[in-house]
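A.B. asks: My structure is below; once you've seen it, I'll send some questions.
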Amino acid sequence: ETILTNAFRSMLARAAQASELEAACYLFAPAKDAQSGGHRMRPDWAEGGRPLSISRGSISSALLEATGASRAEMNRMYNQLHEIGEVALALRERGGRQRLLRLPAPLTAGSVHRTLLGLADLSGSGVEKTKTQRLLGLLRAAEGSELKWLVRTFLPHMAAGISLEASVLPALGAAWVIQAAQTSSVQVRATADEIREAQDVVRTGYALRPDVRALVDALLEGGLARVRTACTLHAGVPMQPMLAKPCTSTEELLKRLIGAFPSSDNGVVRISAEFKYDGQRAQIHRSAAGEIRVYSRKLDDMTSKYPDVVAAVRRCARSQQAFVLDAEIVAVVSRSTGDAALGEAARPGGVEIAAFQTLSTRKRKHVTEVNAASAAVAVKLFLFDLLLRGDEVLLQWPLVQRRAAMREEFAAEADVLDFAEAIDLDATAIVSAAHGATDMPSASASAPSASAAAVLDEALQRSVAGSCEGLMVKRLDGPYEPSTKRSDSWLKLKKDYVESMGDSLDLVPIGGWRGSGRKSRWISPWLMATFDPEEGTFGSVCRVMSGFSDKFYKENTIRYLGSELSALGKASDAAATEAATEAEQEAEEDAEEVGDAASDGEGGSDLDVCGAGGESDDVGSQGGGGKSALRLHRAAPGVDTGDKPQFWFQPSEVWEIRGADITISPKHMAAKGLVDPQKGLSLRFPRFMKKREDKRLQDATTPQQLAAMFLKQTQQR
DNA sequence: ACTGTCTGCCCC
DNA sequence: ATTCTGC
DNA sequence: GCAGAATGGGCAGACAGT
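Letter by letter, the first sequence follows residues 1 to 717 of full-length UniProt numbering.
See below:
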């Protein structure tokens, strides 16, 4: 953070232009997140805004050409240095600088930014070649250690994630106050409070108006005061949506909502339990000019995917004012068709909420208002918040008032648009004065009410019966807090969080992969299966990586593979072996060979020759020392899966796995033939709960049981 | 033209 | 999405 | 209490290879 702040300070001191500051912001934080990689070079919601992705291939090709090195040389360097930026420098040293006819112009943040922006716009065939050429241009122009940083910037995943909103922009804010204080005649140093305040202003401004250029412009023109006024919610510019925190019981939920912030109503806390529809979040804007746009939770522009939503909102708006809505789009199927198929008496039509999986089959491109109803999946919109009306920003209004304004401003339309179902209640117990609660004043007034918990429980049941995931429970007196952080005044209570609800399966680990990063010494994820004792078959259901403690990983990796995986297993060849000897590792051959197989992403072509065959079926061995008793050369007999794990295991025990829903899967083959002739069943959001030491293979969930659970779930809808 | 594989600030 | 760990 | 990591299912699209 200090480094970033100092970098911005020096730019500000030299009166850098807005375009340079903007470029620097993006270049300091090239990766959106560790999940997807990809480079962000402009706001996603902007016209043509799309992330830039540069393949490893393009980077290394450009690097080879720029340095004149051979591929073998590069690999050798990589094995020594383990970091591609350093490799780039070393290769340039070694190869000597290539002589160019014309010296390229020195790089600036702005010029690099512009080039990368250009790359993001490429498409069609031959893009990789063009990308390589343009990267080459940048690499040739790089001086000194610029080369190292340039190469690192190209990578989709930098070793350390630096986030634009969490690190870079706050640093810019800090730099601004520090410089301002220094140049003012009165004050020399900015206080810690001033710095914190500045960071906050910038963070908030960006959450409300995620536009780096607008932020930089405001800062340069009028400092933090200008950021406050200019970087606020605008119709047509999506803001960070407000997020909710998960909560696992109604009692806990009440406590947390009451504690979120003090009540302004004599200790009484009113809350609203809204249905949590299982669809896609949508932030819908209508500008003053009347243009309607739909944005995703990640601020992507989805307008072209949902022309029918746009039309519905236009029809249902009671006025011509600008607005910003928060809503959920869900898939629906017409009710009459379903009933007709069952030969029931025709009902007056209407629609039913369909599963999320149905929504996801909707076309993403070329959806028109005309084909939306026939060619694409039909959808219904559930509104739950209004953040802007006319030129009034409603973010600070309490939810009750925002909701009232929303209901004034829009009219529901059958099958197409409605308000999210909501049940309002007091979270606090009403401790009447008659009971003489005078000696315990505020504490008693703020106690969670037992009847409130009961109301919530019932609402939860109803929401599930109504094809919802559960509840969103909100403080009725709370503001809307656009943020990358989750707020305490919105909590989500999903059926699968609650002990007694949701699907819990008893599955058998049949395979696994080597983990990466902090899990690189362990098996992660694990491949889980049902067991059919009649047929002796195992059908894969899901991979699991969530819910395991480090201790569990360690113990069970040893149990299944005989030892932990070598930490050095990542490097590919001789270099790894050399290094291994010097290390503390008593690198068993087993682990070493495992490392090789995992070497470059896919690997796995060379077949396992593992030391321990699948000889022992005895589950008894608590595998502390010896060879792995549980690893197999190939899938155990009877295994059916579309997945291909790096390691296969002898099925031998039962683990409890929880999930939210059961889905029809193209990859997992459990219960194949029972619901669909080709496809099996899988689990959405799978996570490990605990080992079932009390259960044997024969007690694992069977394909028949799984199919029955699936059918019950679909009937509920 | 067809199929297979991989990617996505994907959506959850 | 979910979950765990380290700060 | 929060940020950061490491990954889940599954879809339409895009691109590569035949």
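A virtual CB, placed ideally from N, CA and C, is assigned to each residue, including glycine.
May I have the straight-line CA-CA distance separating His234 from Val400, to the nearest angstrom?
C.D. replies: 22 Å
A.B. asks: For Gly350, which residues of its own chain have a beta-carbon under 8 Å away from its beta-carbon, when the five flanking residues on both sides are left out?
C.D. replies: Result list for Gly350: Ser334, Arg335, Ser336, Ala414 and Asp415, in chain order.
A.B. asks: Helix, strand or coil for Ala322 per DSSP?
C.D. replies: Three-state DSSP puts Ala322 in coil, outside helix and strand.
A.B. asks: Answer yes if the region 101-120 comes into contact with the region 161-176, meaning at least three C-beta pairs across the two stretches below 8 Å, and no otherwise.
C.D. replies: no
A.B. asks: Buried or exposed for Asn266, going by 16 or more other Cβ atoms inside 10 Å?
C.D. replies: Around the Cβ of Asn266, a 10 Å sphere holds fewer than 16 other Cβ atoms; the residue is exposed.
A.B. asks: Please identify the residue among Ser520, Asn75, Val541 and Glu534 whose C-alpha is closest to the C-alpha of Ser563.
C.D. replies: Ser520
A.B. asks: With Pro703 as the anchor, note down where its beta strand (DSSP E) starts and where it stops.
C.D. replies: Element bounds for Pro703: not the beta strand (DSSP E) but the alpha helix (DSSP H), Pro703 to Gln716.
A.B. asks: Within the same chain, show all residues whose beta-carbon is closer than 6 Å to that of Gly614, passing over the 5 residues directly before and after it, in chain order.
C.D. replies: Confidence in Gly614 is poor, its pLDDT being 33 and thus under 50, which makes the residue's placement too unreliable to answer from.
A.B. asks: Looking at C-beta atoms only, is the number of pairs between the region 668-676 and the region 694-710 that lie closer than 8 Å three or more?
C.D. replies: yes
A.B. asks: On a Cα-Cα basis, can you pick out the residue from Ile178, Leu139, Gln199 and Tyr78 that is closest to Leu103?
C.D. replies: Closest option to Leu103, Cα to Cα, is Leu139.
A.B. asks: For Leu4, which residues from the same chain have a beta carbon less than 7 Å from its beta carbon, with the 5 sequence-adjacent residues on both sides left out?
C.D. replies: Phe28, Ser167, Val168 and Ala171
A.B. asks: When you compare only the Cα positions, how much space is there between Arg362 and Ile664?
C.D. replies: 17 Å
A.B. asks: Using the beta-carbon count (16 or more within 10 Å), is Asn371 buried or exposed?
C.D. replies: exposed
A.B. asks: Restricting to Cα atoms, I'd like to know which of Ala244, Met501 and Pro533 is closest to Tyr480.
C.D. replies: Measuring from the Cα of Tyr480, the nearest candidate turns out to be Ala244.
A.B. asks: What residue range does the alpha helix (DSSP H) around Ala23 cover?
C.D. replies: Ala18 to Phe28
A.B. asks: How big is the Cα-Cα spacing for Glu20 and Trp176?
C.D. replies: Distance between the alpha carbons of Glu20 and Trp176: 15 Å.
A.B. asks: Taking the straight line between their C-alpha atoms, what separation do you get for Ser264 and Leu394?
C.D. replies: 19 Å
A.B. asks: Which parts of the region 454-534 are runs of the alpha helix (DSSP H), unbroken and 4 residues or longer, counting only runs that do not cross its ends?
C.D. replies: none
A.B. asks: If we ignore side chains and look at the alpha-carbon of each, how far apart do Asp573 and Leu64 end up?
C.D. replies: With a pLDDT of only 29 at Asp573, under the threshold of 50, the placement of this residue in the model should not be trusted, and no figure is reported.
A.B. asks: So, with DSSP's three-state summary, where would you put Phe261?
C.D. replies: coil
A.B. asks: Which word fits Glu499, buried or exposed, when buried means at least 16 other C-beta atoms lie within 10 angstroms of its C-beta?
C.D. replies: exposed
A.B. asks: Does the beta-carbon of Val186 have 16 or more other beta-carbons within 10 angstroms, so that it is buried, or is it exposed?
C.D. replies: It is exposed - the Cβ of Val186 has fewer than 16 other Cβ atoms within 10 Å.
A.B. asks: Please go through the same chain and pick out, in chain order, the residues whose beta-carbon is closer than 6 Å to the beta-carbon of Arg286, but skip the five residues on each side of it.
C.D. replies: Ile292, Ala322 and Phe323
A.B. asks: Determine the burial state of Leu476: buried for a count of at least 16 other Cβ atoms within 10 Å of its Cβ, exposed for fewer.
C.D. replies: With 16 or more Cβ atoms within 10 Å of its Cβ, Leu476 is classed as buried.
A.B. asks: Short of 6 Å in beta carbon distance, which residues of its chain neighbour residue 722, apart from the five on each side in sequence? Order them along the chain.
C.D. replies: The displayed coordinates of the chain run from 1 to 717. Any statement about residue 722 would go beyond what the structure contains.
A.B. asks: Measure the CB-CB distance between Asp424 and Ser272 and report whether it falls below 9 Å.
C.D. replies: yes
A.B. asks: Kindly list the residues whose CB is nearer than 7 Å to the CB of Ser61, restricted to its own chain and excluding five residues on each side of it in sequence; keep chain order.
C.D. replies: Thr132
A.B. asks: State the CB to CB distance for the pair Leu681 and Phe710, rounded to an integer number of angstroms; the pair is presumed to be in contact (CB under 8 Å).
C.D. replies: 6 Å
A.B. asks: Can you check which of these residues, Gly638, Leu253 and Ala447, is closest to Met472 by C-alpha distance?
C.D. replies: Nearest of Gly638, Leu253 and Ala447 to Met472, Cα basis: Leu253.
A.B. asks: How many angstroms separate the CA atom of Arg203 from the CA atom of Glu535?
C.D. replies: Straight-line Cα distance between these residues: approximately 59 Å.
A.B. asks: Does the Cβ of Gln678 have 16 or more other Cβ atoms within 10 Å, making it buried, or fewer, making it exposed?
C.D. replies: exposed
A.B. asks: Determine the burial state of His113: buried for a count of at least 16 other Cβ atoms within 10 Å of its Cβ, exposed for fewer.
C.D. replies: buried
A.B. asks: Let me confirm a value: residue 727 is counted as buried when at least 16 other C-beta atoms fall within 10 Å, else exposed. Which label applies?
C.D. replies: Coverage of the chain is limited to positions 1 through 717, which leaves residue 727 absent and any answer about it impossible.
A.B. asks: Can Leu208 and Met239 be called in contact, C-beta distance under 9 Å?
C.D. replies: yes
A.B. asks: Apart from the five residues on each side of it in sequence, which residues of its chain come closer than 6 Å, Cβ to Cβ, to Lys494?
C.D. replies: Excluding residues up to 5 positions away in sequence, Glu469 and Gly470 lie with their Cβ nearer than 6 Å to the Cβ of Lys494 in the same chain.
A.B. asks: Between Glu409, Ala447 and Ile329, which has its C-alpha nearest Lys380's C-alpha?
C.D. replies: For Lys380, the nearest C-alpha among the options comes from Ile329.
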